[in-house]
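To convert, count from 1 in the sequence shown and add 33; that's our numbering.
For every residue, glycine included, the Cβ atom is placed at its ideal position computed from N, Cα and C.
Quantities reported herein were computed from a predicted structural model and do not represent experimental measurements.
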Amino acid sequence: MALERLFRRKRPSGGNRDVPELWTKCEACGAQLYKKEFRENLYVCPRCGHHHRVPASERVEMLADPGTFQEITGLRPLDPLGFVDTKPYAERLRAYQEETGRKDAILGGTCTIGGVPAVLLVMDYAFAGGSMGSVVGEEIARGAERAAAEGRALVIVAASGGARMQEAALSLMQMAKTVMSLDRLWEKRLPYVSILTDPTTGGVTASFAALADVIFAEPGALIGFAGPRVIRQTIRQELPEGFQRSEFLLKHGMVDRVTDRRKLKAELVRALRHLHPGVPYAVGV
Numbered sequence: 034m035a036l037e038r039l040f041r042r043k044r045p046s047g048g049n050r051d052v053p054e055l056w057t058k059c060e061a062c063g064a065q066l067y068k069k070e071f072r073e074n075l076y077v078c079p080r081c082g083h084h085h086r087v088p089a090s091e092r093v094e095m096l097a098d099p100g101t102f103q104e105i106t107g108l109r110p111l112d113p114l115g116f117v118d119t120k121p122y123a124e125r126l127r128a129y130q131e132e133t134g135r136k137d138a139i140l141g142g143t144c145t146i147g148g149v150p151a152v153l154l155v156m157d158y159a160f161a162g163g164s165m166g167s168v169v170g171e172e173i174a175r176g177a178e179r180a181a182a183e184g185r186a187l188v189i190v191a192a193s194g195g196a197r198m199q200e201a202a203l204s205l206m207q208m209a210k211t212v213m214s215l216d217r218l219w220e221k222r223l224p225y226v227s228i229l230t231d232p233t234t235g236g237v238t239a240s241f242a243a244l245a246d247v248i249f250a251e252p253g254a255l256i257g258f259a260g261p262r263v264i265r266q267t268i269r270q271e272l273p274e275g276f277q278r279s280e281f282l283l284k285h286g287m288v289d290r291v292t293d294r295r296k297l298k299a300e301l302v303r304a305l306r307h308l309h310p311g312v313p314y315a316v317g318v
C-alpha cells in the first residue's frame with residue numbers, strides 16, 4: 034500500500050524556482066547537454082563540435098596558468114555625448130554592469146600561460162555585445178604598453194560586434210589607438226597572439242584583432258567587418274558557402290590556424306614559447 038501511495042502522489046505545482054537548471058540545448062544540433070559536463074568540455078558540444086560562447090571569466094581560467102592571473106582592468110565608462118536612443122546610454126551601461134558584474138566589455142590581467150609571462154585580455158560579449166568603446170580601447174592600449182614595459186607576451190581574445198555606436202566617433206578613435214599601442218611590442222620583438230571567437234566583427238576585426246604575429250580562430254566563428262547580409266545587399270550577389278567563417282578565412286590566408294578550443298591552450302603555449310625572446314623553447318611542447 035505504501036508503494037501504491039508513492040506512485041499516486043501528485044507532482045508539486047509550479048516547481049521550485051531556486052533549483053538550478055541542470056540541462057541546456059546545443060544551439061547547432063539541438064542535443065540536450067548536461068550543464069556540468071558541458072562546462073567541463075569547455076562549452077563545446079560533444080555531439081556536433083559546435084563552439085558556444087564562453088563567459089570572459091571562464092575564458093581566463095581556460096588560458097591562464099592556475100593562480101597566476103592578476104586583474105589590471107577596471108576603468109568605468111562615461112557618457113560624454115549624453116546619447117539617447119530608445120533609452121539613455123547611461124541607463125544601458127548600468128544594466129550591463131549589473132547583469133555581468135563588470136564595468137565594461139573587457140577583462141584583463143597579468144599572468145603566465147604555460148610559464149610564459151603574458152598580459153591576457155578577454156573581450157566580454159555579454160556586455161553590450163563586446164562592443165569597443167573608449168574604455169575597451171584604453172584597456173587594450175594600456176595592456177599592450179604594460180606587456181612591452183614588463184617584457185610580457187600579449188594575448189587578446191576577441192568577441193565583439195564592433196565599435197560602440199553610443200560613443201560615435203570616440204569609439205572609432207579606438208581603432209587607431211589600439212593599433213598604435215602595438216608598436217611598442219613590435220619594437221621589443223615581443224609576441225602578440227590574437228584569438229578570434231564568435232563573433233569578431235566591425236572595428237575590432239579592422240584594427241588590433243587582425244594584426245597579430247599569430248592569429249588563431251575557433252571553429253565556425255563569424256569573422257569579418259560588415260555582416261554577410263549587409264554585404265549581400267550591397268554587392269547584390271550571392272556569397273560563397275561558409276563566407277566569413279573561420280575555415281573560409283583560413284583557406285584564404287586571413288588566419289593562421291583554426292583550433293578546437295579543447296586544444297587551444299596547448300597550441301597557444303607552443304606559439305608563445307617559440308616567439309618569446311626571453312623563454313627557451315621547450316622540446317616536445
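(1) Taking the beta strand (DSSP E) that Pro150 falls in, what are its first and last residues?
(2) Starting from Ile268, trace the alpha helix (DSSP H) in both directions and tell me its first and last residue.
(3) Output yes or no for whether 8 angstroms exceeds the beta carbon distance between Ser279 and Glu251.
(4) Alpha carbon to alpha carbon, how far is Ala191 from Phe258? Give it in angstroms, no decimals.
(5) So what does DSSP say about Leu229, is it helix, strand or coil?
(6) Over what stretch of residues does the beta strand (DSSP E) that includes Ser193 continue unbroken?
(7) Classify Tyr67 as helix, strand or coil using the three-state DSSP reduction.
(8) Okay, do the segment 85-97 and the segment 116-130 touch, 3+ Cβ pairs below 8 angstroms being the bar?
(9) Using the rule of at least 16 other Cβ atoms within 10 Å of the residue's Cβ for burial, across every protein chain shown, is Ala177 buried or exposed?
(10) For a test of the three-state rule: what should DSSP assign to Lys221, helix, strand or coil?
(11) Return the Cβ separation of Ala242 and Leu229 in integer angstroms, given the expectation that the two are a contact with Cβ distance under 8 angstroms.
(12) For His85, name the three-state secondary structure that DSSP assigns.
Reading from the atomic positions:
(1) For Pro150, the enclosing beta strand (DSSP E) stretches over residues 149-156.
(2) Taken as a continuous stretch (DSSP letters only), the alpha helix (DSSP H) holding Ile268 covers 261-268.
(3) Yes.
(4) Going by the C-alpha atoms only, they are around 13 angstroms apart.
(5) Under the three-state reduction of DSSP output, Leu229 falls in the strand class.
(6) For Ser193, the uninterrupted beta strand (DSSP E) run begins and ends at 186-193, by DSSP.
(7) Here Tyr67 carries a strand assignment [DSSP, helix/strand/coil].
(8) Touching, no, given that fewer than three Cβ pairs across the two stretches are closer than 8 angstroms.
(9) With 16 or more Cβ atoms within 10 Å of its Cβ, Ala177 is classed as buried.
(10) Note: Lys221 maps to coil in three-state DSSP.
(11) That pair is a contact at about 6 angstroms.
(12) His85 falls in the coil class under three-state DSSP.
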